[in-house]
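All remarks here apply to the structure that follows.
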Amino acid sequence: MMDDIDLELFNKLEALNPDIKTCMACGLCTATCTTGKFTDMSFRKVILMLQRGKDKEAIEKVKSCMMCGKCMMVCSRGINTRNILLSITRIYNER
Amino acid sequence: MNEHKILIIGGGPAGMETAYQLKKLGLKPVIIERSDKLGGHLAQWDRLFPASDDAEALLEKMREQCIDIEKRLNTRITNITKENNIFHVSLSNGNSYDADAIVLCTGFDLFKAERKQEYGYGIYNNVITNAELEHYFKTHNDERINEPKKIGFVHCVGSRDVKVNNTYCSKVCCATALKQACEIKEEFPDSDVYCFYMDLRMFGKGYEDLYLKAQKDFDIKCVRGRVCEVSENIEGKLVIKAEDTLLGTPMKMTLDLLVLMCGMEKASGIERIQNMLNIKSNADGFIETRDTFYGLNHTKEEGVFVAGACTSPKTLPDTIAEARAAAVEVFNYLKDNGQQTFSLRF
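So the protein sequences, as listed, match chains W and V. Heads up: the first sequence begins at 1 in my numbering, then just goes up one per residue. Heads up: the second sequence begins at 1001 in my numbering, then just goes up one per residue.
Rendered as structure tokens:
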């Protein structure tokens, strides 16, 4: 149920990185992801999961990211994915 | 040329623009409108996508251009017969006209939301339609819209849905939904606004900008998935179910207000006029055009032209462009035929 989820951390993340809002789920980040070939890392899904309160699953995915930045190079909305990944590590580690 | 009389059936944007252009071309258009004023659906709307322009300003401009044009309001067509390329048209007010050409500008009906029973329109108080929200923006008078905290928009209501026998896309609802989402967020800044879409078809000039603006500046949350059912909880709030198809997980959410984006359907009662003119419909109910590229303003009946949403769902710019094209096609048709003048008969 979407009503019960706690979005405090996500709102924090979004306030720091407002470009997150502009994702249109094209999947370029996931398609280009080197890690994604071997693990289930998907930047698009990480954001969506955090938005839906599935923090644990999302963080599990982020763990396999190698910070290569390819997703940032391809993003058609120009989202600073690398910065967002760093923010996620910081904000969600606080809890 | 200037004595030629052209009957325009329908006084919405398509009819008004066709009439105005025909008059500029030196012909004599007559608008037949069943309601008591010109404007059609445009008269019910507050602001227009993509940039939330004032609907009334456009309407006033279009009405002004029709001031000198002959019109018959509160009038219906009762009979049409054709003889030697002349249409003998009888009207409900007892008059009759002889016309050299007819332009059908009969527009569309909004899909009746109660037909999608699972959305609970007419059952739950807080389920409203796009047209009702637009009316609220115009009048700020709707008890159901009372400081909503969570608002949902359902795209494709009555469109792309074999269950209601409408397989086509209504073209205007995606942009309307995002426009209205921004406008309601502007009015209730503390609210969360969700748009439930299958595809966001932002094809027109400025539509993608609207999409980006909705996400970035208004924090509209677009969820890919069609709402499957709506129910009401004990507090009278709406509980909706959908699949979040981008994650592949089911989704349940409580809302204070749900707006149904009703699509376009063929205008009711239009078959009556089509039968008089021997004009067929496509499988979707809209009027058949001569072809799909070059004869879009023509029907298969010589002398009967079409413009606007009577042939398929259309945006306002499309409708206005098509009305202008129709006027030129009528002009060329009459010029080529070199028909004789037929005067008004009462």
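All C-beta atoms in this analysis are idealised placements derived from N, C-alpha and C, irrespective of residue type, glycine included.
Asked, Found
"Segment limits, beta strand (DSSP E) that includes V/His1155", "1150-1157"
"Inter-residue Cα distance where the pair is W/Asn17 and V/Glu1134", "33 Å"
"Contact list for the stretch 44-59 of chain W against chain V, Cβ threshold 9 Å", "Arg44, Lys45, Leu48, Met49, Gln51, Arg52, Lys54"
"Contacting residues, own chain, Cβ-Cβ under 8 Å from W/Met49 (five flanking each side not counted)", "Asp55, Glu57, Ala58, Lys61"
"Straight-line gap, V/Phe1087 to V/Ile1009 (C-alpha atoms, nearest Å)", "13 Å"
"Presumed contact (8 Å Cβ cut-off) between V/Lys1149 and V/Asp1190, rounded CB distance", "7 Å"
"Proximity test, Cβ basis, 7 Å: W/Ala15 and chain V", "no"
"Inter-residue spacing [alpha-carbon to alpha-carbon] between W/Cys33 and V/Val1223", "24 Å"
"Inter-stretch contact at 8 Å, needing at least 3 Cβ pairs: the stretch 1325-1335 of chain V / the stretch 1116-1131 of chain V", "no"
"Other residues of its chain near V/Thr1341: CB distance less than 8 Å, five sequence neighbours each side excluded", "Residue confidence for V/Thr1341 is low, a pLDDT of 43 falling below 50, so the modelled location carries little weight; the figure read from the coordinates is stated next. Excluding residues within five positions, the ones whose Cβ falls inside 8 Å are Glu1003, His1004."
"Expected contact under 8 Å - CB spacing of V/Arg1047 and V/Ala1055 to nearest Å", "6 Å"
"In DSSP terms, what V/Thr1254 is bridged to", "V/Val1239"
"When V/Lys1266, V/Ala1242, V/Lys1185, V/Asn1093 are compared against V/Tyr1197, the one with the closest alpha-carbon", "V/Ala1242"
"Euclidean distance between Cα positions of W/Cys75 and W/Leu28", "6 Å"
"Given V/Asn1337 as reference, the closest of V/Glu1187, V/Glu1302, V/Ser1312 once Cα atoms are compared", "V/Glu1302"
"Within-7 Å CB hit, V/Leu1247 to chain W", "yes"
"Length of the line joining the Cα atoms of V/Glu1070 and V/Ala1307", "19 Å"
"Endpoints, beta strand (DSSP E) assigned at V/Val1127", "1127-1129"
"Buried versus exposed call for V/Cys1173 [16 or more other C-beta atoms within 10 Å across all chains shown]", "buried"
"Cβ-Cβ separation, V/Gln1021 to V/Ala1323 (assumed contact under 8 Å), whole Å", "7 Å"
"Close-in-space but distant-in-sequence residues of the same chain around V/Gln1180 (CB under 6 Å, 5 per side omitted)", "Leu1133"
"Between the CA atoms of V/His1298 and V/Lys1335 - distance to the nearest angstrom", "16 Å"
"Coarse secondary structure for V/Gln1339, derived from DSSP in three states", "Note on V/Gln1339: pLDDT 49, under 50, position unreliable in the model; the coordinate value appears next. Reduced to three states, the DSSP call for V/Gln1339 is coil."
"C-beta neighbour in chain W for V/Lys1241, strict 7 Å", "no"
"Extent of the continuous beta strand (DSSP E) run through V/Leu1210", "Per DSSP, V/Leu1210 belongs to no beta strand (DSSP E); it is in the alpha helix (DSSP H), 1207-1216."
"Test item: CB-CB of V/Gly1152 and V/Leu1246 under 7 Å", "no"
"Cut-off 6 Å between Cβ atoms - residues of its own chain near W/Ile5, not counting five sequence neighbours on either side", "Gly53"
"Alpha-carbon to alpha-carbon, W/Met41 and V/Thr1292", "46 Å"
"V/Arg1224: contacting residues in chain W (beta-carbon distance under 8 Å)", "Ala25"
"DSSP three-state assignment for V/Ile1220, whether helix, strand or coil", "coil"
"Assigned secondary structure, V/Glu1322 (DSSP; H/G/I helix, E/B strand, else coil)", "helix"
"Residues that V/Leu1110 bridges to, as DSSP identifies them", "V/Met1264"
"C-beta atoms of V/Phe1218 and V/Lys1252 nearer than 7 Å", "no"
"V/Ala1101 - partner residues in DSSP beta bridges", "V/Ile1006"
"Three-way DSSP call (helix, strand, coil) for V/Asp1244 in this model", "strand"
"Environment of V/Ile1234 [buried if 16+ CB atoms lie within 10 Å]", "exposed"
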